[in-house]
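Top line first, the protein sequences correspond to chains A, B, C and D. Residue 17 in this note's numbering sits at position 17 of the first sequence, with consecutive numbering throughout. Whatever position you read off the second sequence (first residue = 1), add 86 for this note's numbering. Whatever position you read off the third sequence (first residue = 1), add 172 for this note's numbering. Whatever position you read off the fourth sequence (first residue = 1), add 258 for this note's numbering. No residue lacks a Cβ here, since even glycine has one placed at the ideal position from N, Cα and C. Note that the coordinates shown come from a computational prediction; the quantities given were computed from them, not determined experimentally. Worksheet: one structure, shown below.
Protein chains: 4
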Amino acid sequence: MKNPCHKDKLTSLRRIEGQVRGVQNMIEEGKYCVDILNQIKALKNSIITVEGKILETHLRECIKGSLDGSENFDLKIDEIIKTMKR
Amino acid sequence: MKNPCHKDKLTSLRRIEGQVRGVQNMIEEGKYCVDILNQIKALKNSIITVEGKILETHLRECIKGSLDGSENFDLKIDEIIKTMKR
Amino acid sequence: MKNPCHKDKLTSLRRIEGQVRGVQNMIEEGKYCVDILNQIKALKNSIITVEGKILETHLRECIKGSLDGSENFDLKIDEIIKTMKR
Amino acid sequence: MKNPCHKDKLTSLRRIEGQVRGVQNMIEEGKYCVDILNQIKALKNSIITVEGKILETHLRECIKGSLDGSENFDLKIDEIIKTMKR
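Okay, here's the thing in structure tokens:
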């Protein structure tokens, strides 16, 4: 089975890269800690959103796909539970 | 009061930027969702580590500093509680 | 379809109830804040473990079950994604 | 120094105990997994709220107190950073 395509998440990941550089600039410019911490919270939220979308695609495509082919549904569930626990 | 310097965190933030680009590359190359999700977990952990270090510096320097000058300790605590709740 | 049985999680939930009462007792006895906070961390970890087990059973039984019956797999995925986002 | 009083959090902790028993009842009654998971999310949020309030009291009273007495501010900061990292 071919992996699902996640290219629709690249725009978000480029924005996340921009947010990381934004935090670097705040540090270079000696900005106030609490302002930097607030930017980091925003960055974390952006990452959590992208993560949720990739998980959703995975559940919809790979988990579903594992039921009608040679792939094992139970192994797929083990795998995703293990990843969610990390 | 001058803001504390966080330049010692720039190395970690450059590594985080590299991790974000790594996730983008995995997506471009059509890597498997679970491998991408594991990379995103690693990225999140790196960000949480840097966040903790900035918070630590803030507590040690700004909160302490707020007690011997014109700055108000209670306002500083309100501010950090508000940021931690986000 | 009948709901899966979660009775094997009752022992953990009774232990969690005991942990909540333990925190109440620490407060009644005027224990030190950091010791109370550490107990709350342990309580949170116990809850996260039980939550993971219920999610695992759900994925293994309900999600799988939704593919061979009248139930709609896509609706089940929407539902679990919505719950995970909360 | 005397520990700060957290008795104003006991009402929340009794409500949390009720929520834990609510989850036990849902399991006893064979309720649907997703409904149980949503109750657990509500329980986790209640705990996070109480935890935030205890942390806030700690910062306002113990951290502040550590500056005008025999207690060491830096040790108090080490201690709270260690607890937050758990």
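Query, Result
"Interfacial residues, the region 128–142 of chain B to chain D, with Cβ spacing under 7 Å", "G138 and E142"
"Chain A residues whose Cβ lies nearer than 7 Å to that of L247(C)", "Chain A residues near L247(C): none, gap ~11 Å exceeds 7 Å."
"Proximity winner among K225(C), I212(C), T183(C) and S218(C), relative to I305(D) (alpha-carbon distances)", "I212(C)"
"Residues of the region 261–282 of chain D whose Cβ lies closer than 8 Å to any Cβ of chain C, in chain order", "N261, P262, C263, H264, K265, K267, L268, L271, R272, I274, E275, V278, R279, V281 and Q282"
"Alpha helix (DSSP H) segment containing N25(A), residue limits", "L10 to E28"
"Own chain, CB closer than 8 Å to I321(D), minus 5 neighbours either side, in chain order", "F331, K334, I335 and I338"
"Backbone secondary structure at N296(D) - three-state DSSP", "helix"
"Cβ-Cβ distance between V278(D) and V222(C) below 7 Å", "no"
"Residues near L57(A) in its chain [Cβ-Cβ closer than 6 Å; skip 5 each side]", "Note that residue 57(A) is Thr in the sequence shown here, rather than Leu. Excluding sequence neighbours, T57(A) sits near P4."
"Among T269(D), L271(D), K260(D) and C291(D), the one whose alpha carbon lies nearest that of K181(C)", "C291(D)"
"S152(B), DSSP secondary structure in three states", "coil"
"Min CB distance I126(B) to chain A below 7 Å", "yes"
"Sequence-distant residues of its chain with Cβ nearer than 6 Å to S152(B) (five each side left out)", "F159 and K162"
"Limits of the unbroken alpha helix (DSSP H) element including L75(A)", "F73 to K85"
"Alpha-carbon to alpha-carbon, L313(D) and E319(D)", "10 Å"
"Proximity to V23(A) [Cα-Cα], best of R14(A), D35(A) and L59(A)", "D35(A)"
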